[in-house]
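Protein chains in written order, with my numbering: chain A, 51 to 204; chain B, -11 to 508.
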């Protein structure tokens, strides 16, 4: 099992139910142990900047950020704005993972530079399918930008 | 005296007499000899013409006989004076009654002939027909009376005003409307009665008048006796050579007040409209955040229910899950899915009512092509026999009308699922005021008794288990078409199919030449 701070996927999600469902789905592709979970926008930024409790983590960016929009403290859009404004983190792929199907949200996220916008399906099988696909693509298939945490050969 | 001399004298006298006779008879005025009691003694031709009697008839009468009753007394009085020697002669105007009972105005001049001993012998009367003059005088008087009446009775203010700044002559309306005495109004320069704010423009107007240009609709305010002001609307015509202008003013105070009230009402209305709009916008904003909330917050719990119940099922299977429990789990999952679809439909429905319409001219045929492709994809292996007629270019919101077509086609495909051979027909009719479109299928149709419920929200005519659906689709269609200014309706026969119609108003539809795009 890789060192905790070598985990390459950052999941920003406040609902523990959703966290459990997502991790459950990702586990089908053996990706669950690649995921760092933070519960709000502030924690997400702390992780990226290696501040607070994440001061000692290994250098390197997550290969993808799975970002919920509705978060306490600092919400998803604000996180995205800050991340995309910082040259150190600008290139990190961000997948918005949200309940909202509203067009204004969709538009705004793409304007802010999101790489993908995924609506969490209500149907469980669909949900599992979607999460698996997202995880597979971004954590395995996609080539992450320079500066990302290296993958551990398994 | 010789006999010849006597003859010559007789002839001369006779010739002289003839001359006087001729003069008497043929004069252009009536001449008569009248006895002191009034008897016509001798009358000439002209007099007979004037009164319409013959010589014979007139001689039988007295002048009193043919004098108009009203005029008799003055005549007799004068006659007495003449007889008494108080006057040498007299003249007056009087009326005779003609033979045909009509009246004739004449001018009478009378003198008296005395006998050698000094006693009155007979009157000489000169009679001139003055009917023409009298008639002319009457006409003039009538005209003058009319003009006086106009001036006096007019409810508008009529006046003659001097270009020197004073009223010269004013009609009673001035006193009545402004409340001053005529003397007051005539005594001061009229500018003193004008509202201070209007004095400058009044002076300018008078200057213009003085150059000979008439005034049309000049308004200013005059102060009344009681201190209030009235608005007057002036029309004036100058007579520059005489330094005068003839003016008419209309009291428009009421109109001015009404105009002011209307202006105030309008301003009040504007304010209220602004307030209402602000209220509406606030309500809309609330609705938007409500919808957003629903979209976000309701979905998550549903997802969790579905997810965890499935996880539970996976853990319990196969040992601990009996048939009934499995069925319960499936029910929970399906119902949750349904709730999700319902939320989505509701959100779409509310969005359709709120969102702005972007109206353009576009090809309905092209749009239909795209929607048909999606339907064909959805039904998969099922074969649908499409019959699509030419559709015109229409004026409307493409994304909204896409929803309409999608809903109608989805329904058609859904309710023909049990058919052996599915037929779906789409076409249009051209009407003078509107374009009518229809989607016809040969599916299970519906009972026309319940046609009114078709477009109601959440109304369904078929049991949910047979044909899935939330019952919002048609309500959406109706809402969209209504926003385009059109109508929706439907016809159906149980087990024989249904036809759904919608119309789009003509002023929006049709390219310039109303040409149909024939693609199929």
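A virtual CB, placed ideally from N, CA and C, is assigned to each residue, including glycine.
| query | If you draw a straight line from the C-alpha of residue 172 (chain B) to the C-alpha of residue 124 (chain B), how long is it? | reply | 39 Å
| request: Please compile the residues from chain B whose C-beta is within a distance smaller than 9 Å of the C-beta of residue 67 (chain A). | output: 288, 289, 291, 292, 295, 296
| field | Under 8 Å by beta carbon: chain B residues contacting residue 81 (chain A) | value | Going along chain B, no residue has its Cβ under 8 Å from residue 81 (chain A), so there is no contact; the nearest lies around 17 Å.
| query | Which whole runs of the alpha helix (DSSP H) in the stretch 341 to 391 of chain B are 4 residues long or more, in chain order? | reply | 352 to 367
| When DSSP builds the beta bridges, which residues end up paired with residue 23 (chain B)? | B:110
| task | Please report how far the alpha carbon of residue 388 (chain B) lies from the alpha carbon of residue 250 (chain B), in whole angstroms. | result | 41 Å
| task | Using a Cβ cut-off of 7 Å, pull out every chain A residue sitting near residue 324 (chain B), in sequence order please. | result | 172
| Inter-stretch contact (C-beta, 8 Å, three-pair minimum) for the stretch 226 to 238 of chain B and the stretch 147 to 164 of chain B | yes
| Quick one: is residue 186 (chain B) buried, meaning 16 or more other Cβ sit within 10 Å of its Cβ, or exposed? | buried
| message | Against residue 299 (chain B), what residues of chain A qualify as contacts under a CB-to-CB distance less than 7 Å, listed in chain order? | response | 74
| field | Contact set between residue 328 (chain B) and chain A, taken where Cβ atoms lie within less than 9 Å | value | 171, 172, 173
| field | For residue 207 (chain B) and residue 228 (chain B), believed in contact at Cβ under 8 Å, the rounded distance | value | Between residue 207 (chain B) and residue 228 (chain B) the Cβ distance is about 23 Å, and since that is not below 8 Å, they are no contact.
| said: Can you tell me where the alpha helix (DSSP H) holding residue 62 (chain B) begins and where it ends? | reply: 57 to 71
| request: Check the Cβ of residue 321 (chain B) against every Cβ in chain C and list those closer than 8 Å, keeping chain order. | output: Of the chains in the structure shown, none is chain C; the protein chains are A and B.
| Less than 8 Å separating the beta-carbons of residue 13 (chain B) and residue 32 (chain B)? | yes
| message | Can you confirm whether the stretch 293 to 306 of chain B touches the stretch 341 to 356 of chain B when touching is taken to mean that 3 or more C-beta pairs between the two stretches lie within less than 8 Å? | response | no
| message | Just to confirm before moving on: does the CB-CB distance between residue 422 (chain B) and residue 357 (chain B) stay below 8 Å? | response | no
| field | Identity of the residue in B:281, B:275, B:380 nearest residue 149 (chain A) by Cα | value | B:281
| field | Neighbour flag for residue 187 (chain A) against chain B, beta carbons, 8 Å | value | no
| query | Between the C-alpha atoms of residue 373 (chain B) and residue 397 (chain B), what's the straight-line distance to the nearest angstrom? | reply | 13 Å
| query | With distances taken from CA atoms, which of B:441, B:465, B:360, B:36 is nearest residue 401 (chain B)? | reply | B:360
| field | Spatial neighbours of residue 97 (chain A) in its chain, beta-carbon cut-off 7 Å, leaving aside the 5 residues before and after | value | 60, 86, 88, 104
| request: Starting from the N-terminal side, write out each stretch of the beta strand (DSSP E) that is 3 residues or longer and does not extend beyond the stretch 154 to 201 of chain A. | output: 166 to 169
| message | Which complete beta strand (DSSP E) runs does the stretch 113 to 151 of chain A hold, if anything under 3 residues is left out? | response | 114 to 117, 144 to 148
| task | For residue -5 (chain B), name the three-state secondary structure that DSSP assigns. | result | helix
| query | For residue 463 (chain B), which three-state DSSP category applies? | reply | helix
| query | Is residue 130 (chain A) buried or exposed, if buried means 16 or more other CB atoms sit within 10 Å of its CB? | reply | buried
| task | Kindly give me the distance between the Cβ atoms of residue 174 (chain B) and residue 190 (chain B), rounded to whole angstroms, as I take these residues to be in contact under 8 Å. | result | Incorrect: roughly 18 Å between the Cβ atoms, too far for contact.
| query | By DSSP, does residue 82 (chain B) sit in helix, in strand, or in coil? | reply | strand
| To which residues of the same chain is residue 49 (chain B) closer than 7 Å at the C-beta, ignoring the five residues directly before and after it? | 28
| request: Taking the CB atoms as reference points, tell me whether residue 144 (chain A) and residue 115 (chain A) lie closer together than 8 Å. | output: yes
| field | For residue 480 (chain B), three-class secondary structure by DSSP | value | strand
| Taking just the CA atoms, how far does residue 141 (chain A) sit from residue 318 (chain B)? | 43 Å
| Is the distance from the Cβ of residue 56 (chain B) to the Cβ of residue 78 (chain B) below 8 Å? | no
| said: Less than 8 Å between the C-beta atoms of residue 546 (chain B) and residue 95 (chain B), yes or no? | reply: With chain B covering -11 to 508 only, the question about residue 546 (chain B) has no answer from this structure.
| request: Can you give me the Cβ contacts of residue 225 (chain B) inside the same chain, cut-off strictly under 6 Å, excluding the 5 residues immediately before and after it? | output: 202, 234
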